[in-house]
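In UniProt numbering, the protein residues as written are 1 to 568.
For reference, the structure discussed in these notes is given below.
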């Protein structure tokens, strides 16, 4: 994504004695899977100025200096009594340190899990003032601002905390109902236009922990809110009830899946969590449910129940002084005593210097008679965009393996007259290519059709479990390469590629904005995604053609003839 503006902080008065301080970046800030849309992000923080003042969710270190400068325009930092943390992560610590340097009297309000993370991260000589929230606590700031705290722990965010202001009726939801987009829009006017971004955020961060998400929805549903103020993206006022209902619907869709995977992990610095989320994203894309379990906070019975109802499991761990964390050792013992040997298994982890944890887990599983579905994933330090793409594709392959073993059908009855008739629909053979930074990928496509004259536009049906699907959201660019009859490009792209494998080995290509042109193709079209629609097991992508060229003036378009609608 091209940077159009410098980072800044947008300060907005949103309710009585209440400001929103929206730290904005038009570039994405991290390589985590939910940032893949590359639409930038806002880190939303809030200042409530009663008789006492409270600051909610200061942003990460990327914004520390400009955020504090903007904050000083609204309040003397020495007058801030409380800092409320919806969750604690390493990215936020730099800003918290700067606040403490200015005002050592600040009291932090967070859950017990947040307090543990806060003490470990700040490593301060001074004794921190922390008020631990366990449920039902309130805080009176004066001027009728009575804050109520709602712990909403999830495996990904075990310290998650929502806050409700009874005067303004604002519910501060932190990670719930967010979206990684950047712009001037403060509230969700035209809310339906934001649903694609909010759905992507849900699929990336919430779909693998729906049991806890539903519990959180039940808790916060008891509070009559004028609007929701999430940690990222526009605030919810106009489409609030619709989005809450959609969250429940999306959760229910995950629960209805016939196959599930237990994904167990622990994480020292967040890197193993990031890998786990990428694997989970790939699994859910393929129509398989994921039960994400953070071993650091899960009870043994919870782990056992997840294994018993699953069809396969993945275990991830960091390496601490050459060993497994105690919580992972406990979880592994439960797995070995619960999971049958027919279960498909996988192992992953991050490390700094050695990485023995992955080998220890793999060895114990193999010794116990389990088969590993893929080579163990080892990632040193922070995952990159390319390694996360490999993880997502690995998750998809793992899910498809489970579906194949269960003989799950996703098509019409084989041999039916309907299937035979649908199979007679023909389409031109194309190769859709995408290039984003260090990631290049492609897929063979035959469900491509012209859709509009003016502007020139086309539609493409893309299966939800295709790796390339993550790069085909509104505003994304790609190239459609139309193949020539009789050429061998078709055979090259028909083969199954391993996760992360180079799709363009020995293929002559020319990079362009958003994709790659195949020099041996018949023609190419440079396209920009305008809309996308969910249709069963596919997404229908409508794209505007912005440029194109016929490469072989005398060639014929390769056509795909089928006898059945059960496959491409």
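Glycine included, each C-beta is placed from N, C-alpha and C at the ideal position.
The model shown is predicted, which means the values in this text are computed figures rather than measured ones.
Residue nearest to residue 402 in terms of C-alpha spacing, selected from 344, 144 and 522: For the purposes of this step, residue 402 is taken as residue 402 along the chain shown, with counting starting at 1. Considering only alpha carbons, the answer is 344.
Cβ separation of residue 316 and residue 390, assumed to be a contact under 8 Å, to the nearest whole Å: Position 316 of the chain shown holds residue 316. Position 390 of the chain shown holds residue 390. Wrong, their Cβ atoms sit about 14 Å apart, outside the cutoff.
Residue 443 in three-state terms, based on DSSP: Position 443 of the chain shown, counting from 1, holds the residue named residue 443. Residue state, collapsed to three classes: strand.
Given 8 Å, three or more beta-carbon pairs between the segment 283-299 and the segment 357-375: Using a C-beta cut-off of 8 Å, the segment 283-299 makes no contact with the segment 357-375, since fewer than three inter-stretch Cβ pairs fall below that distance.
DSSP state of residue 303 mapped onto helix, strand, coil: Translated into positions along the chain shown, residue 303 becomes position 303. Helix, per DSSP.
Three-way DSSP call (helix, strand, coil) for residue 559 in this model: On the chain shown, position 559 is the one that residue 559 refers to. Reduced to three states, the DSSP call for residue 559 is strand.
Alpha-carbon to alpha-carbon, residue 109 and residue 36: The residue given as residue 36 occupies position 36 in the chain shown. The residue given as residue 109 occupies position 109 in the chain shown. If I take the Cα positions, the gap works out to 32 Å.
Alpha-carbon to alpha-carbon, residue 436 and residue 175: Here residue 175 refers to the residue found at position 175 when the chain shown is read from its first residue. Here residue 436 refers to the residue found at position 436 when the chain shown is read from its first residue. Near 26 Å, if we compare the C-alpha coordinates of residue 436 and residue 175.
Within the segment 27-94, ranges of the alpha helix (DSSP H) (whole runs, at least 4 residues): 64-72
Residue 268 (DSSP reduced to helix, strand or coil): Position 268 of the chain shown, counting from 1, holds the residue named residue 268. Look at residue 268 here: in three-state DSSP terms it is coil, with no helix or strand label.
Paired residues, beta bridge with residue 130 - DSSP: What you label residue 130 is simply residue 130 of the chain shown in a count that begins at 1. In DSSP, residue 130 forms a bridge with 108.
Cross-strand partners of residue 198 (DSSP beta bridge): One-based indexing of the chain shown puts residue 198 at position 198. The partner list for residue 198 (beta bridge, DSSP) is empty, contrary to what the question assumes.
Sub-8 Å separation of residue 196 and residue 466 beta-carbons: The residue you call residue 196 lines up with position 196 of the chain shown. The residue you call residue 466 lines up with position 466 of the chain shown. Not a contact, by the Cβ cut-off of 8 Å.
As assigned by DSSP and simplified to three states, the class of residue 386: In the chain shown, residue 386 corresponds to position 386, counting from 1. Three-state result, residue 386: helix.
Cα-Cα separation, residue 549 to residue 388: Locating residue 549 in the chain shown gives position 549, where the first residue counts as 1. Locating residue 388 in the chain shown gives position 388, where the first residue counts as 1. C-alpha of residue 549 to C-alpha of residue 388: approximately 34 Å in a straight line.
Selection from 228, 308, 559 and 543 that minimises the alpha carbon distance to residue 339: By 1-based counting over the chain shown, the position of residue 339 is 339. That would be 308, whose Cα lies nearest to the Cα of residue 339.
Range of the contiguous beta strand (DSSP E) that encloses residue 457: Looking up residue 457 in the chain shown gives position 457. Here the beta strand (DSSP E) through residue 457 covers 457-463.
Beta carbon of residue 383 nearer than 8 Å to that of residue 275: Stepping through the chain shown from its first residue, residue 383 is reached at position 383. Stepping through the chain shown from its first residue, residue 275 is reached at position 275. Yes, the Cβ-Cβ distance between residue 383 and residue 275 is below 8 Å.
DSSP-derived helix/strand/coil call for residue 123: Numbered from 1 along the chain shown, position 123 holds the residue referred to as residue 123. In the structure shown, residue 123 adopts coil according to DSSP, grouped into three states.
DSSP three-state assignment for residue 545, whether helix, strand or coil: Within the chain shown, the letter at position 545 stands for residue 545. DSSP places residue 545 in strand when its eight states are reduced to three.
Straight-line gap, residue 282 to residue 392 (C-alpha atoms, nearest Å): By 1-based counting over the chain shown, the position of residue 282 is 282. By 1-based counting over the chain shown, the position of residue 392 is 392. C-alpha separation (whole angstroms): 4 Å.
C-alpha gap between residue 139 and residue 268, whole angstroms: Here residue 139 corresponds to residue number 139 of the chain shown, with the count starting at 1. Here residue 268 corresponds to residue number 268 of the chain shown, with the count starting at 1. Straight-line Cα distance between these residues: approximately 32 Å.
At least three beta-carbon pairs within less than 8 Å, the segment 310-327 to the segment 420-440: The answer is no - the segment 420-440 does not touch the segment 310-327, with fewer than three Cβ pairs under 8 Å.
Contacts around residue 144, its chain only, beta-carbon distance under 7 Å, and the 5 residues preceding and following it disregarded: The residue labelled residue 144 in the question sits at position 144 within the chain shown. Only 167 meet the Cβ criterion.
Delimiting residues of the beta strand (DSSP E) encompassing residue 436: Along the chain shown, one-based indexing puts residue 436 at 436. Start and end: 430-436.
7 Å CB neighbourhood of residue 573 in its chain, flanking five on each side removed: The first residue shown for the chain is 1 and the last is 568, placing residue 573 beyond what the model contains.
Inter-residue spacing [alpha-carbon to alpha-carbon] between residue 546 and residue 480: Here residue 546 refers to the residue found at position 546 when the chain shown is read from its first residue. Here residue 480 refers to the residue found at position 480 when the chain shown is read from its first residue. Cα-Cα distance, rounded: 11 Å.
Residue 563 versus residue 544 - alpha carbon distance: Walking along the chain shown from the start, residue 563 turns up at place 563. Walking along the chain shown from the start, residue 544 turns up at place 544. One C-alpha to the other measures close to 31 Å.
Buried or exposed (CB count within 10 angstroms, at least 16 for buried), residue 156: In the chain shown, residue 156 corresponds to position 156, counting from 1. Per the 10 Å Cβ criterion, buried.
Residue environment, residue 502, which counts as buried when at least 16 other CB atoms sit within 10 Å: Translated into positions along the chain shown, residue 502 becomes position 502. With a 10 Å radius around the Cβ and a threshold of 16 neighbouring Cβ atoms, residue 502 comes out exposed.
First through last residue of the alpha helix (DSSP H) which encompasses residue 532: In the chain shown, residue 532 corresponds to position 532, counting from 1. Note, residue 532: premise wrong, no alpha helix (DSSP H); beta strand (DSSP E) at 523-535.
DSSP-derived helix/strand/coil call for residue 539: For the purposes of this step, residue 539 is taken as the residue at position 539 of the chain shown. Three-state DSSP puts residue 539 in a strand.
Assigned exposure category for residue 527 - 16 Cβ within 10 Å defines buried: Position 527 of the chain shown, counting from 1, holds the residue named residue 527. It is buried - the Cβ of residue 527 has at least 16 other Cβ atoms within 10 Å.
Cβ distance (whole Å) where residue 469 is taken to contact residue 521 below 8 Å: For the purposes of this step, residue 469 is taken as residue 469 along the chain shown, with counting starting at 1. For the purposes of this step, residue 521 is taken as residue 521 along the chain shown, with counting starting at 1. About 22 Å separates the beta carbon of residue 469 from that of residue 521, a gap too long to meet the 8 Å contact definition.
Span separating the alpha-carbon of residue 7 from that of residue 32: Position 7 of the chain shown, counted from the first residue, corresponds to residue 7. Position 32 of the chain shown, counted from the first residue, corresponds to residue 32. So the alpha carbons of these two residues sit roughly 20 Å apart.
Nearest neighbour of residue 463, chosen from 310, 400, 151 and 512 [CA to CA]: By one-based count along the chain shown, residue 463 stands at place 463. When each option's Cα is compared against that of residue 463, the closest is 400.
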